[in-house]
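Taking it in order: structure first as C-alpha cells, then the write-up.
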C-alpha cells in the first residue's frame, strides 16, 4: 500500500487501466481454454485497480477541502462576519418597522371583509350544512355593514348590491338554490365584489 500511496496520481490511473486490461485478458484466456471455474479466482484482484483510482480521488477531495477552507476563511473572517451581522440586524429592523406600519394601517373594520372572504372561499368545498349556515350569518352581517356604510356615503348603487347579498345569504329565511355549482359561482362573485369595495371607495 505504501508503494501505491507514494506514486503520482497519473501513474496510478494509468497503471489501473493497464492492470484492468491485463486482468480482462487473463479471464478471456481462461474462458477460451475451458478453465471458466478459475475465472472466479481472479475476482479478488479487481480490488487493486479500484484502490489505484481511489487514491487520486481521495487526494483531489483533500485538495478541494483545503482550498475551500482557505477561501471560506477569507470570506467569513471576523471583519466580514461583523458586516454580515450588521446587515442582518438592519434588515430585521427594517422588516420589523414595516410590519408595525402595516399593523397601524390595518383597521379594526378589516374583519368585515377578511372573515367573509375567507369563509366564502372555504364554502366552495363540500362541507356539512351547519358550516353553510355559519357562512350565511357572517356574510349577511358583513353585507349589512357595507350596505349601511355605503348608504352613509350617499352611494346610489352599492347599498342595493350589498343589500341583495344580505338578503341572499340571510340565515333567518334561507334561500335554497339546490345547485352547488351555482352557489360556487355566487360565492366567487361575492368574494370579488367585497374585496373590490372593502375600502368604501365611490
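In my numbering, the protein residues as written are 6 to 207. Glycine residues also receive a C-beta, built at the ideal position from the N, C-alpha and C atoms.
Please report the Cβ distance between residue 195 and residue 162, rounded to the nearest whole angstrom; I am assuming they are in contact, meaning their Cβ atoms lie under 8 Å. The Cβ separation is near 16 Å, so there is no contact.
DSSP-derived helix/strand/coil call for residue 163: Here residue 163 sits in helix by DSSP.
Alpha carbon to alpha carbon, how far is residue 51 from residue 60? Give it in angstroms, no decimals. Here the C-alpha atom of residue 60 lies approximately 15 Å from the C-alpha atom of residue 51.
Whole-number beta carbon distance between residue 129 and residue 189, since they are thought to touch under 8 Å: The Cβ separation is near 5 Å, so the contact holds.
Taking only the alpha-carbon atoms, compute the straight-line gap between residue 49 and residue 63 and give it to the nearest angstrom. When rounded, the distance between both Cα atoms is 22 Å.
Considering only residues of the segment 146-204, which uninterrupted beta strand (DSSP E) runs meet the minimum length of 3 residues and lie entirely inside it, listed in chain order? Taking 3 residues as the minimum length, the segment 146-204 contains no beta strand (DSSP E) run wholly inside it.
Which value, in whole angstroms, describes the spacing of the CA atoms of residue 154 and residue 91? Rounded to whole angstroms, residue 154 to residue 91 spans 48 Å at the Cα level.
How big is the Cα-Cα spacing for residue 200 and residue 165? Each residue's CA atom was taken as its position, placing residue 200 and residue 165 some 17 Å apart.
Keeping to the same chain, check which residues put their C-beta closer than 7 Å to that of residue 174; ignore five residues upstream and five downstream. Correct list, in chain order: 141, 144, 145 and 148.
Is residue 40 helix, strand or coil when you go by DSSP? In this structure, residue 40 counts as coil in the three-state DSSP scheme.
With respect to the alpha helix (DSSP H) encompassing residue 129, which residues constitute its N-terminal and C-terminal limits? Counting along the chain, residue 129 falls outside any alpha helix (DSSP H), and DSSP gives it neither H nor E.
Within 10 angstroms of its Cβ, does residue 152 collect 16 or more other Cβ (buried), or is it exposed? Residue 152 counts as buried, since at least 16 other C-beta atoms from the protein chains shown sit within 10 angstroms of its C-beta.
Given residue 125, which residues of its chain have a CB within under 7 Å of its CB, disregarding the five upstream and five downstream residues? Within the same chain, residue 125 has close Cβ partners 140, 144, 192, 195 and 196.
So residue 23 and residue 36 are supposed to be a Cβ contact under 8 Å. How far apart are they, rounded? Not confirmed; about 21 Å, so no contact.
Do the CB positions of residue 156 and residue 117 come within less than 8 Å of each other? The Cβ-Cβ distance between residue 156 and residue 117 does not fall below 8 Å.
Look at residue 33 and residue 47 and say whether their C-beta atoms are less than 8 Å apart. Their beta carbons are not under 8 Å apart, which means residue 33 does not touch residue 47 by this criterion.
Could you compute how far the alpha carbon of residue 18 sits from the alpha carbon of residue 98? One C-alpha to the other measures close to 56 Å.
Nearest-angstrom beta carbon gap, residue 58 and residue 21 [assumed within contact, 8 Å]: Sure, about 5 Å apart at Cβ, within 8 Å.
Rounded to whole angstroms, what's the CA-CA distance from residue 160 to residue 179? Just pull it up for me. If you take the alpha carbons of residue 160 and residue 179, they lie about 27 Å apart.
Any idea if residue 170 is buried or exposed, counting beta-carbon neighbours within 10 angstroms, 16 or more meaning buried? Buried, by the Cβ-count rule.
Contacts around residue 203, its chain only, beta-carbon distance under 7 Å, and the 5 residues preceding and following it disregarded: The beta carbon of residue 203 sits closer than 7 Å to the beta carbons of 118 from its chain, once the five residues preceding and following it are set aside; these are given in chain order.
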